[in-house]
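Add 444 to a position in the sequence shown, counting from 1, and you land on the number used in our numbering. Cβ coordinates follow ideal geometry from the N, Cα and C atoms, glycine included.
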Amino acid sequence: MPTFLLCIRAELDNVDTISIPSTTHWCLDVKESAGSEEKKGVYVTSTEEHELNGSKGTANLVMKFAKGSKKESSVNVLEIKGVTRPYTADDDGKFVPIIAFECRGLEPIAFHPEGDWHVVSSGGTKYDNVDLKENEWSDYCEKAAASVGIYSFESKFELHKG
């Protein structure tokens with residue numbers, strides 16, 4: 445099964461790290477591997493487990509592209525040791541893999557940065573539930589007496605060759 449890395453890139457202003465729990469509800473647009481049908485706004489989370497038909501296996505998401513189809517597509521959310529990690533100030537402007545999706549019968553084509561992002565400023569202030577839907581965020585760090593921000597947030601998927 446192919447594994448796709450979700451890589452993010454951003455410009456950081458007085459931000460030390462950006463992270464999101466692997467247990468978040470990831471919002472993806474997906475495309476059928478052997479076809480052209482797409483589904484937008486599909487949610488997958490590592491906290492849900494669904495049985496695969498005709499198998500003893502499970503997946504975090506099981507879906508069908510066509511009504512009445514017997515062909516199932518599935519996704520598992522993975523953290524890959526030594527590969528996926530939080531985004532840091534040293535990564536400013538570079539793409540970094542933050543999570544992986546093991547896919548069968550589909551490919552992720554877009555990511556919507558909803559969810560519960562966590563940000564730590566250069567001054568050590570922690571911000572929870574940061575909203576990156578608009579691909580940017582800013583606030584003020586009292587400890588450092590400076591503005592903090594995430595700008596030009598982008599994402600892409602890369603096939604993991606590990």
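Measuring CB to CB, does Thr-532 end up less than 8 Å from Ala-544? Within the sequence shown, the letter at position 88 stands for residue 532. Within the sequence shown, the letter at position 100 stands for residue 544. No. Outside cutoff.
Rounded to whole angstroms, what is the Cα-Cα separation between Pro-541 and Gly-512? As a working mapping, residue 541 is identified with position 97 in the sequence shown. As a working mapping, residue 512 is identified with position 68 in the sequence shown. About 36 Å.
When burial is assigned at 16 or more other CB atoms within 10 Å of the CB, is Gly-559 buried or exposed? On the sequence shown, position 115 is the one that residue 559 refers to. When all chains shown are included, Gly-559 counts as buried.
Would you kindly work out how many angstroms separate the C-alpha atoms of Lys-570 and Thr-447, rounded to a whole number? Reading the sequence shown from its first residue, position 126 is the one you call residue 570. Reading the sequence shown from its first residue, position 3 is the one you call residue 447. One alpha carbon belongs to Lys-570, the other to Thr-447, and they sit about 31 Å apart.
Ordered along the chain, which non-local residues of its own chain (more than five positions away) have a Cβ less than 6 Å from that of Tyr-595? Taking the sequence shown and counting its residues from 1, one reaches residue 595 at position 151. Excluding residues within five positions, the ones whose Cβ falls inside 6 Å are Glu-455, Glu-580.
Does the separation of the CB atoms of Thr-468 and Pro-530 fall below 8 Å? Position 24 of the sequence shown holds residue 468. Position 86 of the sequence shown holds residue 530. Contact flag unset, no.
Taking the beta strand (DSSP E) that Ser-463 falls in, what are its first and last residues? On the sequence shown, residue 463 is found 19 positions in, with the first residue counted as 1. It spans 459-463 - the beta strand (DSSP E) in which Ser-463 sits, taken as one unbroken run.
Using a 10 Å radius around the Cβ and a threshold of 16 neighbouring Cβ atoms, would you call Gly-549 buried or exposed? For the purposes of this step, residue 549 is taken as residue 105 along the sequence shown, with counting starting at 1. Buried is the call here.
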